[in-house]
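Chains U and X supply the protein sequences, listed in that same order. Residues 76 to 130 in the numbering used here are what the first sequence lists, from first letter to last. Residues 284 to 461 in the numbering used here are what the second sequence lists, from first letter to last. All C-beta atoms, glycine included, are put in the ideal place defined by N, C-alpha and C. All values reported here derive from a predicted model rather than from experimental measurement.
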Amino acid sequence: MLSCKEVSRLVSQGLDRRLGFVERLRLRVHLAICDGCTNFKKQVEFLRKAVKQLG
Amino acid sequence: MSDFRTRVEGERPYLLRYAALQLRDRHAAEDVVQETLLAALAGEATFAGRSNLRTWLTGILKHKIVDAIRRASREAPAADEDQMEEFFDETGHWRDMPSAWADPDASLEQKEFFAKLEECLSQLPARTAQAFMLREHLGFETDEICKELGVTPTHCWVLLYRARMALRLCLQQNWFGR
Numbered sequence: 076m077l078s079c080k081e082v083s084r085l086v087s088q089g090l091d092r093r094l095g096f097v098e099r100l101r102l103r104v105h106l107a108i109c110d111g112c113t114n115f116k117k118q119v120e121f122l123r124k125a126v127k128q129l130g
Numbered sequence: 284m285s286d287f288r289t290r291v292e293g294e295r296p297y298l299l300r301y302a303a304l305q306l307r308d309r310h311a312a313e314d315v316v317q318e319t320l321l322a323a324l325a326g327e328a329t330f331a332g333r334s335n336l337r338t339w340l341t342g343i344l345k346h347k348i349v350d351a352i353r354r355a356s357r358e359a360p361a362a363d364e365d366q367m368e369e370f371f372d373e374t375g376h377w378r379d380m381p382s383a384w385a386d387p388d389a390s391l392e393q394k395e396f397f398a399k400l401e402e403c404l405s406q407l408p409a410r411t412a413q414a415f416m417l418r419e420h421l422g423f424e425t426d427e428i429c430k431e432l433g434v435t436p437t438h439c440w441v442l443l444y445r446a447r448m449a450l451r452l453c454l455q456q457n458w459f460g461r
């Protein structure tokens, strides 16, 4: 099982590169049971949207 | 002064703010804006017929910003990788678990939100902010950003990761968690 630290790093990288099959699987398993990381994922996705609209 | 020149000059404060946010260096920002205004005046004919002066100028400025970052990264060495101890304990658990943000999209309608976001961005280390803005605002791919900043892909991901961690915490503390 990945730690929250590893998951947060993968969530971030998932916005910058295509994750491998195993990475995606391990991510999904963790996110299914972890509210903190699920919230983190939503927040960084929101950040992307917000920063696009700056200026 | 011609009318076009006056209008272009009038956009200087906006362009300066935009450039400073991404370059994080007042002098570098003034330089790229100056280059942009000169290029704009020389290229008045190119603008003819287009409707939005600010959009056109911002387009020129974006290229100047990328050039400036490219120049600077040839001179500055890359920073060390970060272990993120401030966010996670030794076992890799969140020190402060992210909570759900209520209706974040509503914030996108508020000027105050974007002011806060800029404030949070301005607290990031310069290279972290540059990498993040290249990626999320200017829409570059990671391998392009690595090239511009002169760092490895792994380091590039670390910069982007760090930026996201710091920004979400800053917004949590100063906006969503209030």
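DSSP, reduced to helix, strand and coil, places residue 339 of chain X within a helical segment of the structure shown. For a cut-off of 8 Å, the C-beta gap from residue 384 of chain X to residue 118 of chain U is around 6 Å, short enough to register as a contact. Across the set X/321, X/447 and X/395, the C-alpha of X/447 shows the shortest separation from the C-alpha of residue 413 of chain X. Among the residues facing chain U, residue 377 of chain X is included, as its CB has a counterpart in that chain under 7 Å away.
For residue 116 of chain U, no Cβ of chain X is located within less than 7 Å of the residue's own Cβ. Taking a C-beta distance under 7 Å as the contact criterion, residue 315 of chain X and residue 351 of chain X qualify as a contact pair. Its chain contains 399 as the residues whose beta carbon lies nearer than 6 Å to that of residue 458 of chain X, once the 5 sequence neighbours on both sides are disregarded; these appear in chain order.
The beta carbon of residue 310 of chain X sits no closer than 7 Å to any beta carbon of chain U. Between the beta-carbon of residue 452 of chain X and that of residue 410 of chain X there is about 19 Å, and that puts the pair past the 8 Å contact cut.
The region 427-446 of chain X and the region 291-300 of chain X do not touch, with fewer than three beta-carbon pairs separated by less than 8 Å. A contact between stretches requires three or more CB pairs, one per stretch, nearer than 8 Å, and the region 108-123 of chain U meets this requirement with the region 78-86 of chain U. Nearest in C-alpha terms to residue 324 of chain X, of all of X/381, X/288 and X/455, is X/288. Not a single CB atom of chain U sits nearer than 7 Å to the CB of residue 438 of chain X. Under the criterion of beta carbons closer than 8 Å, residue 301 of chain X and residue 338 of chain X do not qualify as touching, at roughly 12 Å. Residue environment: residue 406 of chain X is assigned as exposed (fewer than 16 neighbouring CB atoms within 10 Å of its CB, all protein chains considered). In the DSSP assignment, residue 458 of chain X forms no beta bridge with any residue. Going by beta carbons, residue 440 of chain X and residue 79 of chain U fall outside the 7 Å limit.
By the 16-neighbour rule on beta-carbons within 10 angstroms, residue 96 of chain U is exposed.
For residue 440 of chain X, DSSP assigns no beta-bridge partner whatsoever. At a C-beta separation below 7 Å, residue 111 of chain U has these neighbours in chain X: 377, 380 and 381.
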